[in-house]
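J.: Residue numbers for the sequence shown follow our numbering, beginning at 1 and rising by one. C-beta: ideal position from N, C-alpha, C; glycine also.
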Amino acid sequence: MSEKETPGIRVAVIGAARGIGREVAVELAKSGARVAAIDLGEDNFELGYQLGRIDTADFGDISKSVLRIAADARSETEMTRAAAEIKTAFGGLDQLVVAAGGIVGGATLLQSDPASLSLALQFNLLSLHNSVRALVPLIYDSPLLGLRRIVAVASVAGSRPLAGIGAYVAAKHAVVGYLKTLALELAEVDITVNWVSPGSTTTAILVRSAELYGLEGVDDFAIHHPLGRLLAPSEVAAGVIFLLSAAASAITGTDLYIDAGMHL
Ligand SMILES: NC(=O)c1ccc[n+]([C@@H]2O[C@H](COP(=O)([O-])OP(=O)(O)OC[C@H]3O[C@@H](n4cnc5c(N)ncnc54)[C@H](O)[C@@H]3O)[C@@H](O)[C@H]2O)c1
1 MSEKETPGIR VAVIGAARGI GREVAVELAK SGARVAAIDL GEDNFELGYQ
51 LGRIDTADFG DISKSVLRIA ADARSETEMT RAAAEIKTAF GGLDQLVVAA
101 GGIVGGATLL QSDPASLSLA LQFNLLSLHN SVRALVPLIY DSPLLGLRRI
151 VAVASVAGSR PLAGIGAYVA AKHAVVGYLK TLALELAEVD ITVNWVSPGS
201 TTTAILVRSA ELYGLEGVDD FAIHHPLGRL LAPSEVAAGV IFLLSAAASA
251 ITGTDLYIDA GMHL
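#1: Of the choices Leu145, Val175, Ala134, whose alpha-carbon is the least far from that of Ala152?
#2: Would you say the beta carbon of Asn124 is closer than 8 Å to some non-hydrogen atom of ligand 1?
#3: Considering only heavy atoms of ligand 1, does any lie closer than 8 Å to the CB of Thr80?
#4: Does the Cβ of Pro7 have 16 or more other Cβ atoms within 10 Å, making it buried, or fewer, making it exposed?
#5: With 16 as the cutoff for other CB atoms within 10 Å, does Gln160 come out buried or exposed?
#6: Who are the near neighbours of Thr224 in its chain, counting only those whose CB is closer than 6 Å to its CB and skipping five residues on each side?
#7: Out of Ser116, Ala84, Ala99, Ala17, which has the shortest C-alpha to C-alpha gap to Tyr168?
#8: CA-CA distance, Ser209 and Lys64?
#9: Ligand 1 and Asn44: does the residue's C-beta get closer than 8 Å to at least one heavy atom of that ligand?
#10: Excluding sequence positions up to five away, which residues of its chain have a Cβ less than 7 Å from the Cβ of Lys30?
#11: With C-beta atoms as the reference, is Ala260 less than 9 Å away from Gly228?
#12: Going by Cα to Cα distance, which pick from Leu138, Asn124, Arg22 is closest to Asp58?
#13: Among the residues of its own chain, which have a CB less than 7 Å from the CB of Glu46, if the five just before and after it don't count?
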């Protein structure tokens, strides 16, 4: 059974305004899912580049069928309000996708001040924790046993060192440790927890990464992929959709590399 065979399944996507999260939200909505798309509600340059905004997100043809919610996932209060909005609109929630994240770097770890490490942890780990704490209680009440899912977007930086972006690497390693533990803790209530680890994917984060490394452009990252090319956000979204589908019912605590072989 695929998402297409579960019309009306209720999914919240955090970090849905653009990039990988947007791609996931659009694909789910096209399949008949009811999608709550959560992202920031105002301009944010705290990481040195512009993050997404849910009010101006381009969802194309499915724009009217997506429930847009402005919330900063770093805020427990805002995520609690987002959960209440979803409960009112959908009556509950069956699945959660956390794609929100952001890159910090351009310095060795010794050069990184505490504030940059804190930012990396806030945007990648704290946002995941607040999303889980606010929204998983809704999933507990979902009647869709066997389809109750959490899927997060980690990174190859969650399992290997990458010099020059150590704060981000540390935060993504923390994300992976968090998700492994969550998978163990939620297994007994029939909620699976999995994550994808993308390689270099053509989104705003990659543009920022190229700036941090002083590269001419994002294409320079392809050399690190044995397949010799960058990834499209749709290719990463396809892995997320698979992990949400009934076909993945026996999978929990698993890291799905979607990285053109970068982890090898
Ligand atoms: N693009 C890559 O090469 C790559 C590689 C590995 C992992 N990732 C991960 O993929 C995920 C998605 O990133 P992307 O590449 O699509 O980049 P992106 O910047 O296009 O999308 C990230 C989205 O998350 C949102 N977001 C960030 N912090 C938020 C917060 N506190 N509250 C609400 N929304 C927030 C942003 O506004 C943005 O819309 C991130 O976790 C990133 O670390 C990306």
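T.: The short version:
#1: Closest option to Ala152, Cα to Cα, is Val175.
#2: It does: the Cβ of Asn124 is within 8 Å (strictly closer) of some heavy atom of ligand 1.
#3: Answer for Thr80: no, Cβ out of range of ligand 1.
#4: Exposed is the call here.
#5: Here residue 160 turns out to be Arg, not Gln, going by the sequence shown. The C-beta of Arg160 has fewer than 16 other C-beta atoms within 10 Å across all chains shown, which makes the residue exposed.
#6: Reading off the sequence, residue 224 comes out as His, not Thr. Around His224: Met262.
#7: Tyr168 has its Cα closest to that of Ser116, out of Ser116, Ala84, Ala99, Ala17.
#8: Rounded to the nearest angstrom, the two C-alpha atoms are 33 Å apart.
#9: The beta carbon of Asn44 sits closer than 8 Å to at least one heavy atom of ligand 1.
#10: Closer than 7 Å at Cβ, skipping near neighbours: Ile62.
#11: Yes, they are a contact pair.
#12: Per the Cα distances, Arg22.
#13: Taken in chain order, the residues that qualify are Leu119.
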